[in-house]
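Numbering (numbering that gives the first Met the number 0), first residue to last: 0 to 369.
Glycine is no exception: its CB is placed at the ideal position from the N, C-alpha and C atoms.
Contents: one structure, followed by commentary.
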Amino acid sequence: MIPGPVPLSDSAAEALAAPVQAHYGPAWVSVHDETLGLLRQVFAAEGDILLLVGSGSAGLDAAIGSLLAPGETALVGVNGYFGKRLAAIARAHGADVVEVTAEWGEPLATEAFESAVRQHPEAKAIVATHVETSTGVVNPVHDIARLANAQGVPVMADAISSLGGVEFAMEAWGVDLCVSASQKCLGGPAGLAPVAVGPRAWAAIEKRLAAAPGPGWYLNLQTWREFAQSQKEWHPFPVTMPTHAVLSLRAGLRALLAEGLPNRLRRYRTLAARLRAGLQELGFQPLAADACAAPVVTAARSLPGIPSGRVVEFLERAHGLKIAGGLGPLQHTVFRVGHMAPSVGERDIDDVLAALEDFKHQAAIGKEAV
Ligand SMILES: Cc1ncc(COP(=O)(O)O)c(C=O)c1O
């Protein structure tokens, strides 16, 4: 019950044990293309999908570095650990980062981006997390994208912990560039970063490349696009693909679409509501308000005076349940429960709640107090 990587379904696990196969030629290209087709349905976008080899951060690094030339201004939403990561990546590429902040636990405000765009008409990109995994908050990416579109600024979303688990419609929402990762709601193993690139993002990337040499070669979206186009039938990517990881991700995606994306999203929402209600009843206050609570990860405050690490440690030791601790400034006050695994059910939620109730009881009788 951590916010990724998720346990693999049987079919996703079996794919990892399949015999090694060549990562080029018609048989492999058909697997690869099917995987991209499934991803296209989950992104809800008709444009290009590039399946980068690396963790989600590789996709973020490539997307941000390809979009922004050194010295260009980026408006980056920061309301948690992963928003900070986006800002750090943009700075590492030499961008002039303007942080558009909100309190950790609150969603980003579209109005704050509106005023940032007014103050920085030179901005070349707006970047934000969809689900801020450190706080369990869903950011209003739809509204931020609408604003960005109206201002003619390309908008990029980090949907690493949300794609396949939270409502998202890249094209209908006007998101230009979106990065995800294989190991969370998509139900695959770690190691692949699907990146969806719309036409406005390509236009911005081309402009950026004309202005300054690209961000290296590997983590450069133009490199992946060139191979996708020029080696379409044989080797539509620039590197050796981890074929097992792709097959396993494909199994995860097939299962997601067989269940039906709307059904999967509804299931997660119901489970999240069950968890939040139980946490509140026990006195572990969820960090995010109902209106912005993520259906796939919940951050909750520990009991007064008890470091959240104690809760995490107790659940593992006494109940064999792995949840996650807080990140950054929330490290000692918050714990996080991931409910983004395709297999997660009411029983898992109830097990966590029962274990937390036990912790509370032990704390009350002094056995787990500080
Ligand atoms: C929103 C978000 N962004 C970025 C990352 C980093 O992804 P990775 O660890 O796959 O590089 C994570 C990982 O949890 C995340 O949740």
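Practice problem: For my contact list, Phe42 and Leu162 are in at a C-beta cut-off of 8 Å; report their separation, rounded to the angstrom. | Solution: The sequence position of residue 42 within the sequence shown is 43, counting from 1. The sequence position of residue 162 within the sequence shown is 163, counting from 1. Between Leu162 and Phe42 the Cβ distance is about 7 Å, and since that is below 8 Å, they are a contact.
Quiz prompt | Leu185 versus Ala362, Ala11 and His360, residue with shortest Cα-Cα distance | solution = As a working note, residue 185 is residue 186 in the sequence shown. Closest option to Leu185, Cα to Cα, is Ala11.
Exercise. Give me whichever residues DSSP pairs with Glu105 in a beta bridge.
Key: Position 106 of the sequence shown, counted from the start, is the residue given in the question as residue 105. Residue pairing from DSSP places Glu105 in a beta bridge opposite Trp103.
Quiz item: Between His318, Glu205, Leu326 and Arg117, which lies nearest to Leu67 when the distance is taken from Cα to Cα?
Solution: Counting from one through the sequence shown, the residue named residue 67 turns up at place 68. Taking each of His318, Glu205, Leu326 and Arg117 in turn and checking the Cα distance to Leu67, the smallest one comes out for Glu205.
Quiz item: When the Cα atoms are used, what is the spatial distance from Ile364 to Arg309?
Solution: To locate residue 364, count along the sequence shown from 1; it is residue 365. To locate residue 309, count along the sequence shown from 1; it is residue 310. C-alpha separation (whole angstroms): 15 Å.
Quiz item: In its own chain, which residues sit with a C-beta less than 8 Å from the C-beta of Ala14, not counting the 5 before and 5 after it?
Solution: For the purposes of this step, residue 14 is identified with residue 15 of the sequence shown, where counting begins at 1. Here the set comprises His243, Leu246, Ser247, Arg249 and Ala250.
Practice problem: Measure the beta-carbon distance from Thr109 to Leu146 and round it to whole angstroms, keeping in mind my assumption that it falls under 8 Å. | Solution: By 1-based counting over the sequence shown, the position of residue 109 is 110. By 1-based counting over the sequence shown, the position of residue 146 is 147. About 6 Å; that satisfies the 8 Å criterion.
Quiz item: Expressed to the nearest angstrom, what Euclidean distance is found between the alpha-carbon atoms of Glu420 and Pro2?
Solution: As displayed, the chain neither begins before 0 nor continues past 369, which places residue 420 out of reach and without an answer.
Self-check item: Residues passing the C-beta test against ligand 1 heavy atoms, cut-off 5 Å
Solution: Ser54, Gly55, Ser56, Phe81, Thr128, Thr132, Asp157, Ile159, Ser160 and Ala180
Exercise. Within 10 angstroms of the Cβ of Val19, are there 16 or more other Cβ atoms? Answer buried if so, exposed if not.
Key: Working through the sequence shown from its first residue, we reach residue 19 at position 20. Val19 is exposed by the Cβ-count criterion.
Exercise. Hey, could you find the ends of the alpha helix (DSSP H) Ile48 is sitting in?
Key: The residue you call residue 48 lines up with position 49 of the sequence shown. Taken as a continuous stretch (DSSP letters only), Ile48 belongs to no alpha helix (DSSP H), being part of the beta strand (DSSP E) at Asp47 to Val52.
Self-check item: Extent of the continuous beta strand (DSSP E) to which Leu25 belongs
Solution: Position 26 of the sequence shown, counting from 1, holds the residue named residue 25. Per the sequence shown, the amino acid found at residue 25 is Pro instead of Leu. That residue, Pro25, is in no beta strand (DSSP E); its alpha helix (DSSP H) goes Pro25 to Phe42.
Quiz item: If you check the beta carbons only, do Gly324 and Gln330 fall under 8 Å apart?
Solution: Residue numbering aside, residue 324 sits at position 325 when the sequence shown is read from its first letter. Residue numbering aside, residue 330 sits at position 331 when the sequence shown is read from its first letter. With a cutoff of 8 Å on beta-carbon distance, Gly324 and Gln330 are scored as near each other.
Exercise. Mind checking who Cys184 pairs with in its DSSP beta bridge?
Key: Taking the first residue of the sequence shown as 1, we reach residue 184 at position 185. In DSSP, Cys184 forms no bridge with anything.
Quiz item: Rounded to the nearest angstrom, how far is the Cβ of Pro214 from that of Leu50, given a contact under 8 Å?
Solution: Start at 1 with the first residue of the sequence shown, and residue 214 comes out as number 215. Start at 1 with the first residue of the sequence shown, and residue 50 comes out as number 51. A Cβ-Cβ distance of about 18 Å is found for the pair Pro214 and Leu50, leaving them out of contact under the 8 Å criterion.
Self-check item: Cβ distance (whole Å) where Asn219 is taken to contact Ala61 below 8 Å
Solution: Within the sequence shown, the letter at position 220 stands for residue 219. Within the sequence shown, the letter at position 62 stands for residue 61. Right, the Cβ-Cβ distance comes to about 6 Å (below 8 Å), so this counts as a contact.
Quiz item: In terms of residues, what are the limits of the alpha helix (DSSP H) holding Met169?
Solution: Residue 169 sits at position 170 when you count from the first residue of the sequence shown. Residues Met169 to Trp172.
Quiz prompt | Residue span of the alpha helix (DSSP H) that contains Ile385, given as start and end | solution = Examination of residue 385 is not possible in this model, given that the chain is present from 0 through 369 alone.
Practice problem: Return the CA-CA distance between Leu37 and Leu252, expressed in angstroms with no decimal places. | Solution: Along the sequence shown, read from residue 1 onward, the residue named residue 37 stands at position 38. Along the sequence shown, read from residue 1 onward, the residue named residue 252 stands at position 253. Using only the alpha carbons, I get a separation of about 6 Å.
Quiz item: Can you list, in chain order, the residues of its chain whose CB lies under 6 Å from that of Glu121, leaving out five sequence neighbours each side?
Solution: Position 122 of the sequence shown, counted from the first residue, corresponds to residue 121. Result list for Glu121: Thr72, in chain order.
Quiz item: Got a sec? Which residues, its chain only, sit under 8 Å from Val369 by beta carbon, not counting five neighbours each side?
Solution: The residue you call residue 369 lines up with position 370 of the sequence shown. Per-residue confidence for Val369 stands at a pLDDT of 43, beneath the threshold of 50, marking its modelled position as unreliable; the derived number appears in the next sentence. Result list for Val369: Gly304, Ile305, Pro306 and Arg309, in chain order.
Self-check item: Residues of its chain near Ala168, where Cβ-Cβ distance is below 6 Å and the 5 sequence neighbours each way are ignored
Solution: Counting from one through the sequence shown, the residue named residue 168 turns up at place 169. So the list reads Ala43, once near-sequence residues are dropped.
Quiz item: Among Val295, Phe283, Gln284 and Gly259, which residue has its Cα nearest to the Cα of Thr269?
Solution: Within the sequence shown, the letter at position 270 stands for residue 269. Out of Val295, Phe283, Gln284 and Gly259, Val295 has the C-alpha closest to the C-alpha of Thr269.
Quiz item: In or out: Ala200 buried (at least 16 other Cβ within 10 Å) or exposed?
Solution: As a working mapping, residue 200 is identified with position 201 in the sequence shown. The residue in question, Ala200, is buried, as its Cβ has 16 or more Cβ neighbours within 10 Å.
Quiz prompt | Backbone CA spacing between Val126 and Ala227 [nearest angstrom] | solution = Locating residue 126 in the sequence shown gives position 127, where the first residue counts as 1. Locating residue 227 in the sequence shown gives position 228, where the first residue counts as 1. Each residue's alpha carbon lies about 25 Å from the other.
Exercise. Look at the alpha carbon of Ile166 and the alpha carbon of Pro139, and state the distance between them as a whole number of angstroms.
Key: The residue given as residue 166 occupies position 167 in the sequence shown. The residue given as residue 139 occupies position 140 in the sequence shown. The question names Ile, but residue 166 is Glu in the sequence shown. Cα to Cα, the separation comes out at about 11 Å.
Exercise. Please name the residue, chosen from Gly104, Ala203 and Gln284, that lies closest to Pro328 on a Cα-to-Cα basis.
Key: Walking along the sequence shown from the start, residue 328 turns up at place 329. It is Gly104.
Quiz item: Start and end of the alpha helix (DSSP H) containing Pro261?
Solution: Looking up residue 261 in the sequence shown gives position 262. Element bounds for Pro261: Leu260 to Leu281.
Exercise. Within the same chain, show all residues whose beta-carbon is closer than 8 Å to that of Gln279, passing over the 5 residues directly before and after it, in chain order.
Key: Taking the sequence shown and counting its residues from 1, the one referred to as residue 279 is at position 280. Contacts found: Pro285.
Quiz item: When the distance is taken between beta carbons, is Trp233 closer than 8 Å to Val28?
Solution: Taking the sequence shown and counting its residues from 1, the one referred to as residue 28 is at position 29. Taking the sequence shown and counting its residues from 1, the one referred to as residue 233 is at position 234. Yes. Within cutoff.
Quiz item: Given a threshold of 16 other Cβ atoms within 10 Å of its Cβ, counted over all protein chains shown, does Thr239 qualify as buried or as exposed?
Solution: Here the question's residue 239 lines up with position 240 in the sequence shown. Label assigned to Thr239: exposed.
Quiz prompt | Spatial distance of Ser301 from Glu356 (CA atoms) | solution = One-based indexing of the sequence shown puts residue 301 at position 302. One-based indexing of the sequence shown puts residue 356 at position 357. Using only the alpha carbons, I get a separation of about 12 Å.
Quiz item: For Thr132, which of helix, strand or coil comes out of DSSP?
Solution: In the sequence shown, residue 132 corresponds to position 133, counting from 1. Residue state, collapsed to three classes: coil.
Quiz prompt | Cα-Cα separation, Ala317 to Gly64 | solution = Numbered from its first residue, the sequence shown carries residue 317 at position 318. Numbered from its first residue, the sequence shown carries residue 64 at position 65. In this structure, the alpha-carbon of Ala317 lies about 45 Å from that of Gly64.
Practice problem: Have a look at Ala362 and Leu35 and give me their C-alpha separation to the nearest angstrom. | Solution: Residue numbering aside, residue 362 sits at position 363 when the sequence shown is read from its first letter. Residue numbering aside, residue 35 sits at position 36 when the sequence shown is read from its first letter. Near 49 Å, if we compare the C-alpha coordinates of Leu35 and Ala362.
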